[in-house]
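Below: one structure, written as structure tokens.
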Amino acid sequence: MLQEISPVLVIGGGPGGLEAARTVASLGQPALLVERRHRLGGAPDAEHYAKLTHGFRDAEEAIGELVAAVMGDPLVEVLTGTEVVACAGEAGAFRVTLRHGQETQERLAGAIIVATGFQHFDPGRETQMYNYYSFPDVVTLGDMEAMLKAHQVVRPSNGQPPERVAFIQCVGSRDRQIGNEFCSKVCCGIASKQAIEIKQQLPQARVFIFYIDMRMYGYWENELYWPAQERYKVNYVKGIVSEILPKGDKLLIRGEDTTMSRPMEVTVDLVVLSVGMEPSSGTRQVARMLGLAQNKYGYIEAGGSSGLDPVATSRPGVFVVGAAARPADLDDTFATAGMAAARAVATIRQVAAVR
Amino acid sequence: MSERLSPLSEIREKKGLPVRPDPEAAPRSDLREELFELEARGELLVQRVPEPYVEVTTKFGRVKKVPIDHLWHHKSCGQCGHIPGYTTSILWLNRQFGLDYHDPTDQTSCTGWNYYASATSNAAAQILVMCRNFAAAYETGYYPLIHCGTSYGHYKELREQLVHHADLRDQVRRVLDKLGKPLVVPEEIVHYSEWVHVMRHRIAERQVVDMSSVTACVHPACHYYKIVAEDAIYDPDIYGGQRTATVTALLKALGITVADYSTWFDCCGFGFRHILVQRDFTRSFAVLRKIEVMRDEVDPDMTVTHDTGCVTTLDKSQFAAKAHKRRVGVPVLADSQVAALAMGAHPFRVLQLHWHSTDWRPLLEKLGLDWQRHWQEFEEDLAAIERGEKPGLTWDDAERPALTRERDHRAH
Amino acid sequence: MSATWNPVKGGGAYTEVPDEEKRRLFEEVVADPRYGDFLYGCYECGICVAVCPSARFYDFSPRVIAQALSREDIDRFYEILMDDIWNCAQCFSCVRCPRGNNPGGLVTLIREVAVRHGLERAQQALQGYSRVIYKIMLKGNQVSPDMLQPDFFPDWGPWVREFSQHMHTWRKAIPVDTMRNLTDAAWRTDDRTLRELYVIWFETGNMEVIREVDEGLYELLVELMEEELEAAS
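Protein chains in written order, with the working numbering: chain A, 1 to 355; chain B, 1001 to 1412; chain C, 2001 to 2233.
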């Protein structure tokens, strides 16, 4: 009987963890949601996301709804400012140690869902010469998201709205020299979304996106890519930028215009680096602590015995959600969250049935 | 959301943080570890960096050892042939610090210039030329310090090929056996500008010429930092750790203003072959992409670089361009020459500036140096040599006090 | 003509050269042990062209070279072999390739093949360069002070004339012992060192390469080198 009311421990209170906790509760099982920060909402909250690609919904509103649902659910216990520091036991009967400030407490859990997510690639590690830490007007997708949310799209150097903005794709991804050989999946969609938002806020601005390939899966093609080109006149140029240098008070970017087969140099006043994803420090920590297999990039390995199970980790009873396992967009995150919730609840009930 | 800073403030805060890469997260394996593994298997010898050495960080945050003393000076053809002040200043600096060094006659060119110009060679021959030089150094007990940027880059890539291809190694070993030489590779391949870099504070301590009125543009050598890119000095305090620190760090230590320009990463246009037999390319590139850009955007008092080919290209390309009314006239110096000058070296006995094509007179005048008097001193040396009174210039001549605080440094 | 990449165009350069010839030379490049270090895949990002100095002045593209080799397009490869490779400045800026390719290195491999086979275009590209090959093979130095003559470097300005007039005295006025008073080489090299260099050239087949580039130069060099080696033994 004790096992039947064992909660599912959800580590991480971002979109993945929130959705997992809510789904666990909707299946009638208690959930214990532990979040390191003092707030819920994960990356969309910490990085002030403006709008989501899903119909350009306001991010704060959408995530806020999810947070409210979880906070209001009687079956979900939420502990913020709390970390999981130790774990023993096995599927059906895990014993975890939680720490909040100086205090620790021991809790039981029947299954564990890891939703510790991603962090952005640090642009200082880029192979190409983007000088993020030297030039105020070179920013990242996260920086731009915050500016869009505040309706304050300006050049950090002088506080003036930019006339020409350039996005550079694949920063920190698809690169053998950096070691992140994978594609981060979301940056093409996010950049196109941001390009549209910039044009909405600054109709006179010219916006360029420099890419290797535009990854516009499914409806991103017709909902983002085509409108960006057709309605908002965003210029997509196939050719990645090799360096950013000062030119007067503007920035000079250099690349090859591969379509026209010639070197190109463009002067712009704001550059947005489409930085990719990496496993977050939380993901690495929790993976180590729980003894979960990780791939060479540090992501938690999923797949299970068939290779087709996107939430199964190397440890029975522990499941992984979203960007803690691979570059993931919100759809991936919600889908795996629901699946992990189902598997977690099933695990607990199977163990209970056996006993 | 209200407790947060405005997006601009947050962005500006982030910018203050320089890059400090974690060596554990380096994407490529450390070649030195592979080298030691080969040594453990008896395949080759590794010559260790002697003490004293200074540790610096390279691109992925790994530590590189730069030796200070007991160096075997691996000379550069282009320097010794056409820019003798370059080599002289490097050795003069060694002598000023009382260091023990070896200037070998048992040394050939790295032959990299020829290889990149004509490809009239092959991997095994190039590796053998390198290993013959390394063995010669090893036999003396002195540690090789590479004077030329081309040699440095070439040796870095050859070392990688040697480590990764067992067949090549066997072929190389067979020929070395014939020559009676061991197969030995130094633990670190060290460029002289890295030596100057780690010595920069000691050089600044002995500075007698105030250079705070001077603005310089740095031209980093392609073969220094682009080949085997992880093996070059990066420092979080210089360019926020995003560009190589070598040369820039020295100039800053000497109080020189280093100005950025929009073609910093461009090659100088040396081309190896082009500068000899297809010179319109080299001239055009050096002037249009480097010198004119520096003139237009910064108008520096000098450009400083750390490679033979770069000094040659930038210095010698400007004359022909003047005939085409291009905006040229930026004196070109090597970092070792600048360091030596700062410490009071004679502009002609040591820096040998009379071998430079672009006009260095305005620069010396700006530094408050009485170059006419020093040229007269040098002409007296030349006259004495022509009269047969002395066979040539000696180190004693070169080390006689030239520039002193009282005589030459005039307050501005 | 290989129909794979050019089915419609009947023209293009070098149509008279048989496919087998083109393929043979291509295979030689691929067979070099370094080939796999220099060419992975290519997603045509253009970074190599962006940073290439030669791409600005010539119709030269390291990206096209990587693509042509990846696709095994022997016709395009042959054009590159004949026309393009001597434009490369060998600066290795292209090593910034995010796939880890080294187009400059591929150019070096293709050049080695061109030179080994004494292709006329290679010989043409190296015309005027024999003086330097002579110096490097025999003296172990690339350049020497006595090469600074107004006829060889006229565009370096009046400084060259001034220098050539004062060369001997100026060369004595250098405090470095290994350089002082030396005009036909950059620094003093031991005879034994040069003999070791000759052994390296012979043992690695390099003299045969020189023969393909300039037969006359080859004869001269071999004579001098063999003389030196015999005298020592």
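The beta-carbon is built from N, C-alpha and C at its ideal position, and this holds for glycine as well. These numbers come from a predicted model, not from an experiment.
Classify A1221(B) as buried or exposed, calling it buried when 16 or more other Cβ atoms lie within 10 Å of its own Cβ.
buried
Nearest to V286(A) (by Cα), restricted to the options V10(A), I5(A), S6(A)
V10(A)
When the cut-off is 8 Å and only beta carbons count, does E163(A) lie next to chain B?
no
Smallest Cα separation from A1340(B): which of E1139(B), Q1126(B), G1141(B), M1211(B)?
M1211(B)
Assigned exposure category for S1213(B) - 16 Cβ within 10 Å defines buried
exposed
Amino acids of chain C, ordered along the chain, whose beta-carbon sits closer than 9 Å to that of R125(A):
Correct list: empty, because the minimum Cβ distance to chain C is about 13 Å.
Beta-carbon of G117(A) versus every beta-carbon of chain C: anything under 8 Å?
no
Assign Y1138(B) to one of three DSSP states: helix, strand, or coil.
helix
Counting only C-beta atoms, is Y1224(B) closer than 8 Å to chain A at any point?
no
Would you say C2045(C) faces chain A, with C-beta separation under 8 Å as the test?
yes
Quick check on DSSP: helix, strand or coil for M1(A)?
With a pLDDT of only 47 at M1(A), under 50, the local geometry of the prediction cannot be trusted, and the value read off the model is given with reservation. Residue state, collapsed to three classes: coil.
Along the chain, where does the alpha helix (DSSP H) that runs through Y2218(C) open and close?
2215-2232
Just the chain B side, please: which residues come within less than 7 Å of P2033(C) by C-beta, in chain order?
H1165, D1167, L1168
Enclosing alpha helix (DSSP H) for N1094(B) [first to last residue]
1084-1096
DSSP state of M274(A) mapped onto helix, strand, coil:
A quick correction: the sequence has Ser, not Met, at residue 274(A). S274(A): strand per DSSP, three-state reduction.
Selection from T1282(B), A1320(B), K1181(B), A1136(B) that minimises the alpha carbon distance to L1071(B):
A1136(B)
For a test of the three-state rule: what should DSSP assign to A2122(C), helix, strand or coil?
helix
Chain-ordered chain F contacts of S2070(C) [CB-CB under 8 Å]:
As a matter of chain content, chain F is missing from the structure shown, whose protein chains are A, B and C.
Confirm, please, whether the CB-CB distance from G1329(B) to T1305(B) is below 8 Å.
no
Can you list, in chain order, the residues of its chain whose CB lies under 6 Å from that of A2173(C), leaving out five sequence neighbours each side?
none
Could you tell me whether any Cβ in chain C is nearer than 8 Å to the Cβ of Y1053(B)?
no
7 Å Cβ shell around R1028(B) - same chain, five flanking residues per side excluded:
E1230
Are there three or more Cβ pairs, one per stretch, closer than 8 Å when the segment 1078-1096 of chain B is compared with the segment 1249-1258 of chain B?
no
Is it true that the CB of V1293(B) sits closer than 8 Å to the CB of S1262(B)?
yes
Using 8 Å as the limit for Cβ to Cβ distance, is E77(A) near chain B?
no
Leaving out five residues before and five after D2037(C) in sequence, what residues of the same chain have Cβ atoms less than 8 Å from its Cβ?
N2102, G2105
Is D1315(B) close to chain A? Criterion is C-beta to C-beta, closer than 8 Å.
no
A1245(B) and D1235(B) closer than 8 Å at C-beta:
yes
Could you tell me the distance, in whole angstroms, from the CA atom of R262(A) to the CA atom of K1059(B)?
30 Å
So, is the C-beta of I2080(C) closer than 8 Å to a C-beta in chain B?
no
In this structure, does DSSP put V1129(B) in helix, strand or coil?
helix
Note down, one range per segment and in chain order, each alpha helix (DSSP H) of at least 4 residues found wholly within the segment 4-78 of chain A.
15-26, 42-46, 59-71
N- and C-terminal bounds of the alpha helix (DSSP H) containing L1145(B):
Taken as a continuous stretch (DSSP letters only), L1145(B) belongs to no alpha helix (DSSP H), being part of the beta strand (DSSP E) at 1143-1146.
Cβ of K1178(B) within 8 Å of any chain C Cβ:
yes
Select from the segment 120-146 of chain A all residues with a C-beta closer than 8 Å to any C-beta belonging to chain C, and list them in chain order.
T127, Q128
Just checking: is the beta-carbon of P263(A) within a distance shorter than 8 Å of some beta-carbon in chain C?
yes
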